[in-house]
Amino acid sequence: MALPFDLPAVSRGHAELAAAPRRLGAAVAVAAARALSDLVGAEVSVTGRPVPGRALPRPAAARIAIDLPALPGTAILEVEPALVVRLVDRMAGGDGGPAPAAALTPVEATALELLALAALDGACGVAEVEERLAPRLARATAEPAGALALELEIAAGQARGHARLLVPPAAVRALRGPADLDRRVPVPGSLRRGTAALTAAELDALEPGDVLVVDPPADGRDALALPGGLRALGRIDGEGFHVEETEMIERHAQLPVTLEVELARVDVPLAEVARLEPGSVLALNLDRRGLVTLRLGERAVARGELVDVEGAVGVRILSLEVAP
0 MALPFDLPAV
10 SRGHAELAAA
20 PRRLGAAVAV
30 AAARALSDLV
40 GAEVSVTGRP
50 VPGRALPRPA
60 AARIAIDLPA
70 LPGTAILEVE
80 PALVVRLVDR
90 MAGGDGGPAP
100 AAALTPVEAT
110 ALELLALAAL
120 DGACGVAEVE
130 ERLAPRLARA
140 TAEPAGALAL
150 ELEIAAGQAR
160 GHARLLVPPA
170 AVRALRGPAD
180 LDRRVPVPGS
190 LRRGTAALTA
200 AELDALEPGD
210 VLVVDPPADG
220 RDALALPGGL
230 RALGRIDGEG
240 FHVEETEMIE
250 RHAQLPVTLE
260 VELARVDVPL
270 AEVARLEPGS
280 VLALNLDRRG
290 LVTLRLGERA
300 VARGELVDVE
310 GAVGVRILSL
320 EVAP
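Counting in numbering that gives the first Met the number 0, the sequence shown runs from 0 upward without gaps.
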């Protein structure tokens, strides 16, 4: 999809990020810090920040693989060797401030696994993480494709440093959990009664005062049409619409609903529409920041911006337009 402006880059993992994974991530950081504090013997703090773009390799980092058998999948924890050395010194009774090291000794590598085990034990105390991911230490170190990169800052007294957690998109998606039907954006419905078939010439000739003859539905019932092909059949009277036959909405919670991405709107006279042909050009007032509107039918449900999701075009939600 060629556009006359560049799009900000977003990894597939970051594209899956929503409120629930952010909340669980904050809970994991607190739980992991508490577990590390018990092991290190000093108060540990862990803060994280998601990075939108693709994670670039860090060959100098010490790597720990984390198996996610509930998916299945693998996450990767990358830690500065200097941070590991400082934490080991702190565990040995030092102040956590020795000279940095470029590589880990076998003892320090084993200590890193012990630290990772403690952090995982704390993370698994968050019920949703244990249930949906079941993280365990592993031996594989291949970087997950399209990973969400979380930049971590870890502090234990004077021992301070950085790490990075690479989370596969499937794990971020799993942490979103099931859809909350009570909080979803309201969907538009339309009441329909019969049809009227017109030719293009008849449609073009319509004028105020004309009367269309409507063909009633075969069973005589009106229909409440909802997105995704759902319908409720019933009858209209002075009190409203009385439902006689319907399908359970809960059964179709995962039914795809088509959202249209509106780049721009143009007012085109009907006569000009009739003259359109291959090679015609319509002037568009495109927003150069890539701002778009997401529509469900004619209802605007969200505002967003176009982003590059590893070669595909995505929309990052900026605000929701929830009808009262």
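Ideal Cβ placement from N, Cα and C applies to all residues, glycine included.
Straight-line Cα distance separating D214 from A355: Coverage of the chain is limited to positions 0 through 323, which leaves residue 355 absent and any answer about it impossible.
task: Just the C-alpha distance for E238 and A204, rounded to the nearest angstrom, thanks.
output: 36 angstroms
task: Enumerate in chain order the residues of its own chain whose CB-to-CB distance from V39 is below 7 angstroms, with the five nearest sequence positions on each side excluded.
output: L86, R89, M90, A155
- prompt: Which whole-angstrom value is the C-beta distance of L35 and A117, which I expect to be below 8 angstroms?
  reply: 6 angstroms
query: Going by the CB atoms, is the gap between G303 and L295 shorter than 8 angstroms?
result: The answer is no: Cβ separation not under 8 angstroms.
message: Mapping the DSSP letters down to three states, classify T104 as helix, strand or coil.
response: coil
- request: Report the three-state DSSP secondary structure of P80 (helix, strand or coil).
  value: helix
message: Less than 8 angstroms between the beta carbons of L281 and V260, yes or no?
response: no
message: Let's see if you can read the secondary structure: which residues bound the beta strand (DSSP E) around R192?
response: For R192, no beta strand (DSSP E) run applies, since DSSP gives it neither H nor E.
field: Exposure of V125, with buried meaning 16 or more beta-carbon neighbours within 10 Å
entry: buried
message: What does the alpha-carbon distance come out to for the pair P49 and A195?
response: 54 angstroms
field: Best match in L70, D37, V306 for proximity to L113 [C-alpha to C-alpha]
entry: D37
- request: Grab the span of the alpha helix (DSSP H) containing D221 for me, first residue to last.
  value: Unbroken run through D221 is the beta strand (DSSP E), 221-224; no alpha helix (DSSP H).
message: Looking at the strands, I want to know which residues DSSP matches up with V291.
response: G303
message: Could you give the first and the last residue of the continuous alpha helix (DSSP H) run that contains L23?
response: 18-39
- prompt: Could you give the distance in angstroms between the alpha-carbon of A30 and the alpha-carbon of V45?
  reply: 9 angstroms
- prompt: From A200, E127, R131, pick the residue whose C-alpha is nearest to that of L269; which is it?
  reply: Of the listed residues, the one whose Cα sits closest to L269 is A200.
- prompt: In this structure, what does DSSP give as the bridge partners for H161?
  reply: E152
query: Starting from E244 and walking both ways along the beta strand (DSSP E), at which residues does that stretch end?
result: 239-244
- request: Less than 8 angstroms between the CB atoms is what I'm expecting for I63 and L165, so what's the real figure, rounded?
  value: Cβ-Cβ separation between I63 and L165: approximately 11 angstroms, too far for a contact (criterion under 8 angstroms).
task: Just the C-alpha distance for A60 and D307, rounded to the nearest angstrom, thanks.
output: Each residue's Cα considered, the two are about 28 angstroms apart.
task: Could you tell me which residues DSSP puts in a beta bridge with P49?
output: L149
task: Assuming E127 contacts G47 (C-beta within less than 8 angstroms), just tell me the rounded distance between them.
output: That belief does not hold up - the Cβ atoms of E127 and G47 are roughly 17 angstroms apart, past 8 angstroms.
query: Considering D66, what are the terminal residues of the beta strand (DSSP E) in which it resides?
result: Run containing D66: 61-66, per the beta strand (DSSP E) assignment.
field: Local Cβ density within 10 Å of D221, reported as buried at 16 or more and exposed below that
entry: buried
- request: Would you decide whether P105 is buried or exposed? Buried here means 16 or more other CB atoms lie within 10 Å of its CB.
  value: In this structure P105 is exposed. Its beta-carbon is surrounded by fewer than 16 other beta-carbon atoms within 10 angstroms.
- prompt: If you drop the 5 nearest sequence neighbours on each side, which residues of the same chain put their C-beta closer than 7 angstroms to that of I316?
  reply: A301, G303
message: Between G310, A311, L305, L258, which has its C-alpha nearest A299's C-alpha?
response: Closest in alpha carbon position to A299, among G310, A311, L305, L258, is L258.
message: Using the three-state DSSP reduction, which class does V314 fall into: helix, strand or coil?
response: The three-state secondary structure of V314, taken from DSSP, is strand.
Environment of E77 [buried if 16+ CB atoms lie within 10 Å]: buried
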